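Residue numbers (UniProt numbering): 4 to 443. Even glycine gets a Cβ: it sits at the ideal position worked out from N, Cα and C. Keep in mind the model is a prediction, meaning the values are calculated, not measured.
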Amino acid sequence: TLIRGRVLTFLREPQGPGDHQAYSYEEDGAVLIDGGRIVASGAYGEVSRAAAPGCTTADHRPHLIMPGFIDTHAHFPQMQVIASFGAELLDWLNKYTFPEEARFGDPAHAAGIAEFFLDELARHGTTTVAAYCSVHPQSADALFEAAARRDMCIIAGKVMMDRNAPDNLVDTPPTSYDDTQALIRRWHGKGRARYAITPRFAITSSPEQMEMAGALAREHPDLHIQTHLSENRDEIALACSLYPEAPDYTGIYERYGLTGPKSLFGHCIHLSEREADALSESGSVAVFCPTSNLFLGSGLFDYQRYRRRAKPLRVAVATDVGGGTNYSMLRTMDEGYKAIGLQGEKLNPLSSFWQITRGNAEALALADEIGTLGNGTSADIVILDAGATPAMALRMERAKTLAEELFVLQTLGDDRAVVQTYVAGKAMKGSTGGGDGIRD
Ligand code: GUN
Ligand code: FE
Numbered sequence: 004t005l006i007r008g009r010v011l012t013f014l015r016e017p018q019g020p021g022d023h024q025a026y027s028y029e030e031d032g033a034v035l036i037d038g039g040r041i042v043a044s045g046a047y048g049e050v051s052r053a054a055a056p057g058c059t060t061a062d063h064r065p066h067l068i069m070p071g072f073i074d075t076h077a078h079f080p081q082m083q084v085i086a087s088f089g090a091e092l093l094d095w096l097n098k099y100t101f102p103e104e105a106r107f108g109d110p111a112h113a114a115g116i117a118e119f120f121l122d123e124l125a126r127h128g129t130t131t132v133a134a135y136c137s138v139h140p141q142s143a144d145a146l147f148e149a150a151a152r153r154d155m156c157i158i159a160g161k162v163m164m165d166r167n168a169p170d171n172l173v174d175t176p177p178t179s180y181d182d183t184q185a186l187i188r189r190w191h192g193k194g195r196a197r198y199a200i201t202p203r204f205a206i207t208s209s210p211e212q213m214e215m216a217g218a219l220a221r222e223h224p225d226l227h228i229q230t231h232l233s234e235n236r237d238e239i240a241l242a243c244s245l246y247p248e249a250p251d252y253t254g255i256y257e258r259y260g261l262t263g264p265k266s267l268f269g270h271c272i273h274l275s276e277r278e279a280d281a282l283s284e285s286g287s288v289a290v291f292c293p294t295s296n297l298f299l300g301s302g303l304f305d306y307q308r309y310r311r312r313a314k315p316l317r318v319a320v321a322t323d324v325g326g327g328t329n330y331s332m333l334r335t336m337d338e339g340y341k342a343i344g345l346q347g348e349k350l351n352p353l354s355s356f357w358q359i360t361r362g363n364a365e366a367l368a369l370a371d372e373i374g375t376l377g378n379g380t381s382a383d384i385v386i387l388d389a390g391a392t393p394a395m396a397l398r399m400e401r402a403k404t405l406a407e408e409l410f411v412l413q414t415l416g417d418d419r420a421v422v423q424t425y426v427a428g429k430a431m432k433g434s435t436g437g438g439d440g441i442r443d
């Protein structure tokens, strides 16, 4: 298949709004796909010459072709938690989230929501997600199965949680270890699936379970680890009181060997300098979840200063659905722009789109496979229309540059701006990827 349109991809992180060397852009461009992979991209004239005779063309002119968006932190069992009113993190977990996640012990329910989740992500232009499942191993099976049917690159794990949660939502240190090992054997490296060791956070794991998570990390050093860190003041105080010997919240994870270049720490809002240094030195990733941080009133992630400090943090961006309020990485970056603005900084639109494509791919150590449109990478692609709604089209009359167009997409765009999403070369929008989209 040949996909034709205006091709935009990032080569490295933009240094500012005028950094035209940071990206490659072809006004009359194309991407050639074979066997789910990108085999050529660039000027239409050249790429079309490389295409086999009779190759089908999807003509998306005048829309933008970009690498599919990457969401580095989301909870698939929280689709029916979004828009839960009036609580901050710990109350929100107890009142809304835990009761909802308890339903995922039912494999039919988990399977139905897994289909919805991946369809909804694709509708919003997201082609890879790092997802938390519920405590139930069958919830992870459901999500991995749904992703496999779509040939989608997914990182996911069953949540490990053995305390401070309802009885029907806890495992134990040995069962969490055994279930995780079984899921790793079943799913990690199968097709495009990757398993993430997923202790929910220090509050819901006993020291014995943290030991187990550390043991899993030592036995599988190539696996991602995902957890939550320093999201909310009450959460921090409770976590530190449960681990009185730790110097601070980050120190808890360090002590069990859970920091490192494959470790994804959701939120990281209220870090001390010591904690930020520790995350930086270990190469850990701090995940910015703007819609969630604002919705739950958790605080403002200091994106610009984290990246510019003497010991910079590796940073990723994510929805954190269902603490987060939208599946769209466009909506997410719009809220991110505002959260960064409240701290006296601006994030230019080139950097913003770098972040949700190549930047997030690099943070996940997956840039050889996704996020770049590079030859040999997977054909995970989004087609964007900055004039998708009347208001966007009207605003676009005043947009003169590519950066302005991207900013309109980010500020006014949502799923309506996503014309099509390709996962491994297959069009996802308007089809229900693998499943029938029907649930209980
Ligand atoms: N901390 C522990 N679990 C969660 C969760 O599900 N959502 C958010 N936002 N924070 C958490
Ligand atoms: Fe989260």
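- Task: Mind the definition here: the region 242-258 touches the region 269-281 only if three or more C-beta pairs lie below 8 Å; say whether that holds.
- Result: yes
- Query: Given that a residue counts as buried once 16 or more other Cβ atoms are within 10 Å of its Cβ, and exposed if not, what is G437?
  - Reply: The sequence position of residue 437 within the sequence shown is 434, counting from 1. In this prediction, G437 has a pLDDT of 42, which is less than 50 and means its spatial position is unreliable; what the coordinates show is noted afterwards. Under this definition G437 is a buried residue.
- Find out if the Cβ-Cβ distance for the pair I384, P70 is shorter than 8 Å. Position 381 of the sequence shown, counted from the start, is the residue given in the question as residue 384. Position 67 of the sequence shown, counted from the start, is the residue given in the question as residue 70. Yes.
- Message: Give the residues whose C-beta lies closer than 6 Å to at least one heavy atom of the ligand GUN, in chain order.
- Response: H78, L92, L96, T100, R203, F204, H231, E234, S295, D323 and G326
- Message: Are the CB atoms of A321 and H66 within a distance shorter than 8 Å?
- Response: Here residue 66 refers to the residue found at position 63 of the sequence shown. Here residue 321 refers to the residue found at position 318 of the sequence shown. Going by C-beta atoms, H66 is not nearer than 8 Å to A321.
- Would A143 pass as a contact of A159 if the rule is Cβ separation under 8 Å? By 1-based counting over the sequence shown, the position of residue 143 is 140. By 1-based counting over the sequence shown, the position of residue 159 is 156. For A143 and A159, yes; Cβs fall inside 8 Å.
- How should I441 be labelled, buried or exposed, when 16 other C-beta atoms within 10 angstroms of its C-beta is the threshold for buried? Position 438 of the sequence shown, counted from the start, is the residue given in the question as residue 441. Caution is warranted here: a pLDDT of 34 is assigned to I441, below 50, making its placement in the model unreliable, and the coordinate value is therefore given only provisionally. Exposed, because fewer than 16 other Cβ atoms sit within 10 Å of the Cβ of I441.
- Item | G269: CB within 7 Å of a non-hydrogen atom of the ligand FE | Here residue 269 refers to the residue found at position 266 when the sequence shown is read from its first residue. Because some heavy atom of the ligand FE lies under 7 Å away, the Cβ of G269 counts as near it: yes.
- Message: Just to confirm, is the Cβ distance from T183 to L219 under 8 Å?
- Response: To locate residue 183, count along the sequence shown from 1; it is residue 180. To locate residue 219, count along the sequence shown from 1; it is residue 216. Yes.
- Message: Assuming the contact rule is C-beta atoms closer than 8 Å, S137 and R166 should be a hit. Round their C-beta distance to whole Å, please.
- Response: Numbered from 1 along the sequence shown, position 134 holds the residue referred to as residue 137. Numbered from 1 along the sequence shown, position 163 holds the residue referred to as residue 166. So it is not a contact: roughly 16 Å between Cβ atoms.
- Item | I6 beta carbon less than 8 Å from that of A33 | Here residue 33 refers to the residue found at position 30 when the sequence shown is read from its first residue. Here residue 6 refers to the residue found at position 3 when the sequence shown is read from its first residue. Yes, the Cβ-Cβ distance between A33 and I6 is below 8 Å.
- Task: Out of K161, E49, G326 and G194, point me to the one whose CA is closest to N97's CA.
- Result: Locating residue 97 in the sequence shown gives position 94, where the first residue counts as 1. Measuring from the Cα of N97, the nearest candidate turns out to be G326.
- Proximity below 8 Å, CB of P352 to CB of Q413: Counting from 1 along the sequence shown, the entry for residue 352 is found at position 349. Counting from 1 along the sequence shown, the entry for residue 413 is found at position 410. Closer than 8 Å, so yes.
- Have a look at K193 and I359 and give me their C-alpha separation to the nearest angstrom. Numbered from 1 along the sequence shown, position 190 holds the residue referred to as residue 193. Numbered from 1 along the sequence shown, position 356 holds the residue referred to as residue 359. Each residue's Cα considered, the two are about 25 Å apart.
- Query: Leaving out the 5 sequence neighbours to the left and right, which residues in its chain are closer than 8 Å to L226 when beta-carbon positions are compared?
  - Reply: By one-based count along the sequence shown, residue 226 stands at place 223. The answer, listed in chain order, is I187, H191, R197, Y198, A199, I200, L219, A220 and K265.
- Message: Looking only at its chain, what residues have a beta carbon closer than 7 Å to the beta carbon of A150, apart from the 5 residues adjacent to it on each side?
- Response: Within the sequence shown, the letter at position 147 stands for residue 150. If we look at A150 and ignore the five residues flanking it on each side, its Cβ neighbours are L121, I157 and A196.
- Counting along the chain, where does the beta strand (DSSP E) carrying I6 start and finish? Taking the first residue of the sequence shown as position 1, residue 6 is located at position 3. I6 -> beta strand (DSSP E) spans L5 to F13.
- Query: Between A389 and V422, is the Cβ-Cβ spacing less than 8 Å?
  - Reply: Taking the sequence shown and counting its residues from 1, one reaches residue 389 at position 386. Taking the sequence shown and counting its residues from 1, one reaches residue 422 at position 419. Cβ atoms of A389 and V422: not closer than 8 Å.
- Task: Run the proximity test for F227: is its beta-carbon closer than 7 Å to any non-hydrogen atom belonging to the ligand FE?
- Result: Translated into positions along the sequence shown, residue 227 becomes position 224. What sits at residue 227 in the sequence shown is His, not Phe. No, since every heavy atom of the ligand FE falls outside the 7 Å radius drawn around the Cβ of H227.
- Task: Could you tell me if C292 is buried or exposed, where buried requires 16 or more neighbouring beta carbons within 10 angstroms of its beta carbon?
- Result: Translated into the one-based positions of the sequence shown, residue 292 becomes position 289. Per the 10 Å Cβ criterion, buried.
- Query: the ligand FE heavy atoms versus the CB of H273: any closer than 7 Å?
  - Reply: Taking the first residue of the sequence shown as position 1, residue 273 is located at position 270. No; taking the cut-off as 7 Å, the Cβ of H273 has no heavy atom of the ligand FE nearer than that.
- Item | Outcome for T59 when other beta-carbon atoms lying within 10 angstroms are tallied against a minimum of 16 | Here residue 59 is taken as the residue at index 56 of the sequence shown, counted from 1. Exposed.
- Message: In this structure, how does DSSP classify E49 when only helix, strand and coil are distinguished?
- Response: By 1-based counting over the sequence shown, the position of residue 49 is 46. Here E49 sits in helix by DSSP.
- Task: Taking all protein chains shown into account, decide if G269 is buried (16 or more other Cβ within 10 angstroms of its Cβ) or exposed.
- Result: The residue given as residue 269 occupies position 266 in the sequence shown. So G269 ends up on the buried side.
- Please classify R312: does DSSP put it in a helix, a strand, or coil? By 1-based counting over the sequence shown, the position of residue 312 is 309. Here R312 sits in coil by DSSP.
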